[in-house]
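Count along the sequence shown starting at 1, add 11, and that's the number in my numbering.
For every residue, glycine included, the Cβ atom is placed at its ideal position computed from N, Cα and C.
Data first, discussion second: the structure below is written as structure tokens.
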Amino acid sequence: MSDRMALNEFEHWLDLHGADLRKWPAGRTDAARALLDDSVEARTLLAQGDRVDALLRRVIEARPLPAPQIGRIIAGLPARKAHANWRKTFAPRSIAAAGLVAACLMFGLGAWTAGVVEAQADETDLAALSVDEPSLIGGL
């Protein structure tokens, strides 16, 4: 890599390694320092990165809650029921609706297989709809 560092490359390394240049790859720190000397934008990005690093440190260093406080939080939660309320899930209305849908499907399938409802018109039906007949096209 060249000794010169572009601002977008600086931002890339800043995102990867944070604002502490000592954590950056050894070959890139000199170029980063040179860019920081010349660029207000790079110094602004480094300051923003430092604030992000400080926030991340606070999150990482956050102490866990003491056991008594955790117990109080858990005690305040509503108790979960061991089983779901199946009566609401399978209410009589929903069972009736499902039965009606099933009956309609069975009737439709039965009618189709019995030939009451034809899936396709055969050739004789198509011949009857010939455009040669004047009655079909309004007497023209």
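Kindly list the residues whose CB is nearer than 6 Å to the CB of residue i, restricted to its own chain and excluding five residues on each side of it in sequence; keep chain order.
i          : result
residue 73 : none
residue 12 : Caution is warranted here: a pLDDT of 49 is assigned to residue 12, below 50, making its placement in the model unreliable, and no coordinate value can be reported.
residue 80 : none
Relative to the alpha-carbon of residue i, which residue among the options has its alpha-carbon at the smallest distance?
i          : options            : result
residue 26 : 61, 49, 41 and 116 : 61
residue 39 : 18, 83 and 87      : 18
Going along the chain, which residues of its own chain have a beta-carbon closer than 8 Å to the beta-carbon of residue i, five neighbours each way excluded?
i          : result
residue 41 : 14
residue 34 : 28
I need the straight-line Cα distance from residue i to residue j, nearest angstrom please.
i           : j           : result
residue 57  : residue 48  : 12 Å
residue 8   : residue 21  : Limits of the chain in this structure are 12 at one end and 151 at the other, which puts residue 8 out of reach.
residue 75  : residue 107 : 53 Å
residue 24  : residue 51  : 17 Å
residue 110 : residue 89  : 37 Å
residue 55  : residue 71  : 24 Å
residue 32  : residue 77  : 36 Å
residue 45  : residue 53  : 10 Å
residue 84  : residue 114 : 51 Å
residue 16  : residue 66  : 27 Å
residue 5   : residue 69  : Within the shown structure, residues of the chain are numbered from 12 to 151, placing residue 5 beyond reach of any answer.
residue 87  : residue 59  : 40 Å
Assuming residue i contacts residue j under a Cβ cut-off of 8 Å, what Cβ separation, rounded to an integer in Å, is found between them?
i          : j          : result
residue 30 : residue 64 : 5 Å
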